[in-house]
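Participant:
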Amino acid sequence: MEKEQFTSRFGVIMATAAGAVGLGNIWKFPYMLGQNGGAAFLVVYIACVLLFGLPLMITEIVIGKRSGQSVRGAYQVLIGNRRWNGIPILTCLTVTLIIGVYLVITGWCVKYLLMSIVGPLPTLNGWTDVLCNAFAVLCSVAVVWLGVTKGIERLSKIFMPILLLIIVILLVRVMLLPGAKEGLSFLFSFDADKISFDVILSALGQCFYSLSIGMGALITYGSYIPKKQNVVTTACGIVAVDTLVAVMSACVIMPAVFVYGFSPEQGPKLVFSVLPVVFEQMPGGHVMVLLFFALLCIAAITSIVSLFEVLTASLVDVTAHRERRPLTRHQALVYVAVVCLAISGFCTFSMTGESDWLVWRGKTLFDGLDVLTSSFMLPMVALSTVIFFGWFVDKQVMIEEMKPHYGTKPWAIQGYYFLIRWCFPILILLIGLNSIGII
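Position one of the sequence shown corresponds to residue 2 (the working numbering), numbered consecutively onward.
1) According to the neighbour-count rule (16 or more other Cβ atoms, all chains shown, within 10 Å of its Cβ), is W423 buried or exposed?
2) Can you tell me whether W227 is buried or exposed? The criterion is at least 16 other CB atoms within 10 Å of its CB, across all chains shown.
3) Where R7 and L334 are concerned, what is the direct C-alpha to C-alpha distance, given to the nearest angstrom?
4) So what does DSSP say about W109, is it helix, strand or coil?
5) For F350 versus G127, is the C-beta distance shorter than 9 Å?
6) For W447, does the three-state DSSP call read helix, strand or coil?
7) Excluding sequence positions up to five away, which residues of its chain have a Cβ less than 8 Å from the Cβ of M58?
8) Hey, L420 and L384 are a contact pair by Cβ (cut 8 Å); roughly how many whole angstroms apart?
9) Can you tell me whether T365 is helix, strand or coil according to DSSP?
10) Please report the Cβ distance between M249 and A18, rounded to the nearest whole angstrom; I am assuming they are in contact, meaning their Cβ atoms lie under 8 Å.
11) Going by beta-carbon coordinates alone, are A204 and Y46 separated by less than 9 Å?
12) For the ligand FMN, I want to know if D395 counts as a neighbour, meaning its beta carbon is within less than 8 Å of at least one of the ligand's heavy atoms.
13) Measuring only the C-alpha atoms, how far is L24 from A247?
14) With burial defined as no fewer than 16 other Cβ atoms inside 10 Å of the residue's Cβ, what is the status of Y76: buried or exposed?
15) Within the same chain, show all residues whose beta-carbon is closer than 6 Å to that of I167, passing over the 5 residues directly before and after it, in chain order.
16) Helix, strand or coil, according to DSSP, for V360 in the structure here?
17) If distances are taken between C-alpha atoms only, which option among F377, A193, S304, L328 comes closest to F42?
18) Give the DSSP-derived three-state secondary structure of F191 in the structure shown.
19) Between S315, N231, F259, which lies nearest to A400 when the distance is taken from Cα to Cα?
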């Protein structure tokens, strides 16, 4: 069966940006700004995206595009042996656990959206949240079920413009608030004294999270890119959309927070606890709340779609050579959805206080998996990938991919390999060590 491909550069950018643009941009980025000095963090973050995120994104897309394989087979195809097959296994395990955690937060988004439409929902000892998780799973499965072209690409071309339109509507409304200037000043008044080693590492970690680096989605979507399409310009388009959404989301949230007297340093609860109160105080606030949580749901579900595709494509490839009953794409998707929903359900019940066996040393399963994936597993995947590509893949692969954009200028290739061989492994180690509190 011929492998599906994206049909246009716009489709590639929209699909991949939809996968990358998620709660990391709209939920996490604004509160990271608030906790790390506003404009100082923003400047460092953009620098990290250009110097760190963009080259890593190019690397992962090239791995997928050159191999034409899912995460499962990409590494083996590029070097012709199975020595690096541990990376696909680790990647798929990491993605499975990430989806389990991510579905919990997505379920909250769905619940708040429903509450903004119909009012308070019945509380059923955690089952309400699990049902919201299941709704998010069904929406994601519906998209992936239709395939790469008719599902992921087509829906991304619809969802991403809607997402951007909602952000623009919210932004215009917030900018009309008296006192919005104070929030913008916090975002764009640069103070170099606020830049510290911790801020730099936080910006690097956020870049990692926001661009979906190390999750296999860029490799998987890269395998659907037509061979003639330029990877560098495609990656630049994805990074531009991703960063634009993050900055615009901050421009929606921070001025509103300042106008109504809340602290920008509220942390993770900023979106779910503070913003509903903030928006409800505005004229027309109910509509703003509804639009905002619709925005979060779209961003979250498009990210889950990309991660489901990683696991589905890999599972199909794993079983493709079985003599008896290799899995079809739809069968693989069902297995993936059931496992991920089960993990998210356990994570949800671990936070209700009624399932002591899901809590260890005061940490819920949700907290434990979040720390495990973000602080250990993702950095390990990314570190393994840069070592693999920087030291073991033939340089000619990247030369041929960069050639259409940069010509044959040697400085581009040399600069890239200096970063990926020496700088990136050190930076990824620092991010991991900072995440677990060693530095």
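From the three backbone atoms N, C-alpha and C, an ideal C-beta is built for every residue, glycine too.
Facilitator: To lay it out plainly:
1) Residue environment analysis places W423 among the exposed positions, since fewer than 16 neighbouring C-beta atoms fall within 10 angstroms of its C-beta.
2) First, the amino acid is wrong: residue 227 is Pro here, not Trp. Exposed: under 16 other Cβ atoms inside 10 Å.
3) Reading off the sequence shown, one finds Phe at residue 7, where the question assumed Arg. Spanning the two alpha carbons is a distance of roughly 20 Å.
4) Looking at W109 - three-state DSSP - the assignment turns out to be helix.
5) Yes; because the gap between Cβ atoms is below 9 Å, this pair is in contact.
6) Here the chain covers residues 2 to 440 and nothing more, so residue 447 does not appear.
7) So the qualifying residues of the chain are L212, I214, L219, A236, I239, V240.
8) At roughly 14 Å, the Cβ-Cβ gap does not stay under 8 Å, so L420 and L384 are not in contact.
9) DSSP, read as helix, strand or coil, puts T365 in strand.
10) With a contact defined as Cβ atoms closer than 8 Å, M249 and A18 miss out at about 13 Å.
11) With respect to the 9 Å criterion, A204 and Y46 are classified as neighbours on the basis of their beta carbons.
12) You won't find the ligand FMN in this model; it holds no ligand whatsoever.
13) Roughly 10 Å separates the two Cα atoms.
14) Counting Cβ neighbours within 10 Å, Y76 comes out buried, since at least 16 surround it.
15) Here I167 has L292, L296 as same chain residues with Cβ atoms under 6 Å from its own Cβ, once five neighbours each way along the sequence are excluded.
16) Note: V360 maps to strand in three-state DSSP.
17) Out of F377, A193, S304, L328, A193 has the C-alpha closest to the C-alpha of F42.
18) If DSSP states are grouped into helix, strand and coil, F191 belongs with coil.
19) Note that residue 400 is Ile in the sequence shown here, rather than Ala. With respect to the C-alpha of I400, the residue from S315, N231, F259 having the closest C-alpha is N231.
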